[in-house]
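A.B. asks:
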Amino acid sequence: MATGTAIVRVPKEAQKGQVIRVQMVITHPMTPTRRDPQTGQETPGHFLTKLQLFYNDQLVSEMNMAAGISANPFIALPLKVESAGVIKIVYEDNKGGKWEKTAEITVK
Amino acid sequence: MRKIFLTSAVFGLACAGLLGYQTVKAQDQELSPEEEIRLVQEFNRMMAEGINPGEIWAEMGKEAFKKYNLDKCDFGLGPGKVEGALAQLPRYFPDAKKVMDLETRIGWCLQQYAGMTPEQVKKFATQCWGKSQCMGEYDAIVMYVSMASNGQKVNVNLKNPQVKRMYEIGKQIYYARLGPWDFNCATCHAGQQEVRIRATKLWSADRPGEAGQAVSIFPKYLVRWAQPMTMHYRYAECMRQMRWPTFEPHSDLAVALSAFLYGTANGTEIKVPGIGR
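Chains as they are written, first to last, in this note's numbering: chain A, 156 to 263; chain B, 146 to 422.
1. Drop a sphere of 10 angstroms on the beta-carbon of K365/B, count the other beta-carbons inside from all chains shown, and report buried for 16 or more, exposed for fewer.
2. Start and end of the beta strand (DSSP E) containing S216/A?
3. So the candidates are K226/B, C218/B and E200/B; which of them puts its Cα closest to the Cα of N227/A?
4. Tell me which residues of the region 223-241 of chain A have at least one Cβ-Cβ distance to chain B shorter than 8 Å, keeping chain order.
5. Give the C-beta separation of M261/B and P418/B to the nearest angstrom, bearing in mind that I take them to be a contact with Cβ-Cβ under 8 Å.
6. Are any of the Cβ atoms in chain A nearer than 9 Å to that of P198/B?
7. Tell me which residues share the same chain as Q307/B and place their Cβ nearer than 6 Å to its Cβ, disregarding the 5 neighbours each side in the sequence.
8. Just how far apart, CA to CA, sit K304/B and K346/B?
9. From D240/B to P263/B, what distance separates their C-alpha atoms?
10. Distance check for R341/B and F328/B, CA to CA, integer angstroms please.
11. Rounded to the nearest angstrom, how far is the Cβ of V360/B from that of M192/B, given a contact under 8 Å?
12. Based on the DSSP output, what are the partners of P144/A in its beta bridges?
13. Output needed for K256/A: all residues of its chain with C-beta closer than 6 Å, excluding positions within five of it in sequence on either side, in chain order.
14. Looking only at its own chain, which residues have a Cβ that is under 7 Å from the Cβ of E282/B, when we skip the five neighbours before and after it?
15. Please confirm whether A356/B and L402/B have their CB atoms less than 9 Å apart.
16. Determine the DSSP secondary structure at V169/B, reduced to helix, strand or coil.
17. Do K205/A and M218/A have their beta-carbon atoms positioned less than 9 Å apart in this structure?
18. Whole angstroms is fine: what's the gap from G251/A's alpha carbon to L214/A's?
19. Does the distance from the C-beta atom of N295/B to that of I196/B stay below 9 Å?
20. In chain order, which alpha helix (DSSP H) runs of at least 4 residues are fully inside the region 325-379 of chain B?
Here's what the structure looks like:
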């Protein structure tokens, strides 16, 4: 288990037209760029920059992130569901890492 | 204002982001201490609603559990059975001829089934102490075993003479004044009067139910360290803050304290992982 793994949680079942909460936790150090006051040496930061939410391959939401967000961020987004399908999140960081995670939902 | 913040798309920006928002607000309006405490408690409640990042360790622990041959380990319910294991620990183990709590038992099993020496076990158990954002396998194993007992009630068998003896020793340690500062656990965690460290209310052994609420959520995820804290790490930190002699993980001292705390917490529902600032 390393940087970039995630848990995505949605309700197992939802009514048609219901607004659900898509909850996720991403493991990431989220360290900001920092200059040492004594030596002046710069420590490069490592943080998530972008998160996209796809619902049945359609881009629903996009979020730009930067340093200043806590480590292992917890994010919750509202989503109106009309049909059963796959919810996918794609997220990337400033060091070129790119990951994705999916969750499925059934709609009555 | 907070309601709008809740429902907006950036609701979950981050736990720290939220805290930052509230701290700024607190500074702008110069709130009273009571108001600040209320804000902190609101923050804790909001954190408890969502997914706990500690659950990531539980997934990781499932693999580590097999990797270190712990499915042969008997937690008192049969080899490899972890459901409900935490609820009935500490207990007396005839094979080790000792009373053991969860972490001591894991350490003993690592020696027996994973071929580790006591030094290696100590190094393994303390690999994440004093760090942040550390994905330790030991924490993961403890988290995995603990989370399997979710929803069950703490039920330590205090009728067993060995466990009862450990309970009494633990009680003595809890009220023993030691070290250069003449501290004991009861300095902060006893009495009817409310004790605080900054804005955090401390639990008290004398107020009914509070010990159970404090104990039943361990190991808990700490936002400021971005990693979970196990029970033995909590003991070590408390003892360092009290300037007691250095704490040894998996020692009988820890078992005695666990016997006292979990014995006091009997009947409380286990909710692992907890979350703290």
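Think of the CB as a built atom: it goes at the ideal place given N, C-alpha and C, for glycine as much as any other residue.
C.D. replies: Working from what's here:
1. buried
2. Q213 to N219
3. E200/B
4. G223, I224, S225, A226, N227, P228, F229, I230, A231, L232 and P233
5. Actually they do not touch by this definition, with Cβ atoms about 25 Å apart.
6. yes
7. Y237 and V244
8. 33 Å
9. 18 Å
10. 16 Å
11. That belief does not hold up - the Cβ atoms of V360/B and M192/B are roughly 19 Å apart, past 8 Å.
12. With chain A running from 156 to 263 in the structure shown, residue 144/A is simply not present.
13. A161, V163 and I244
14. A209
15. no
16. Note that V169/B has pLDDT 47, beneath the 50 cutoff, so the model's placement of it is unreliable and no number is given.
17. yes
18. 21 Å
19. no
20. 330-333 and 355-360
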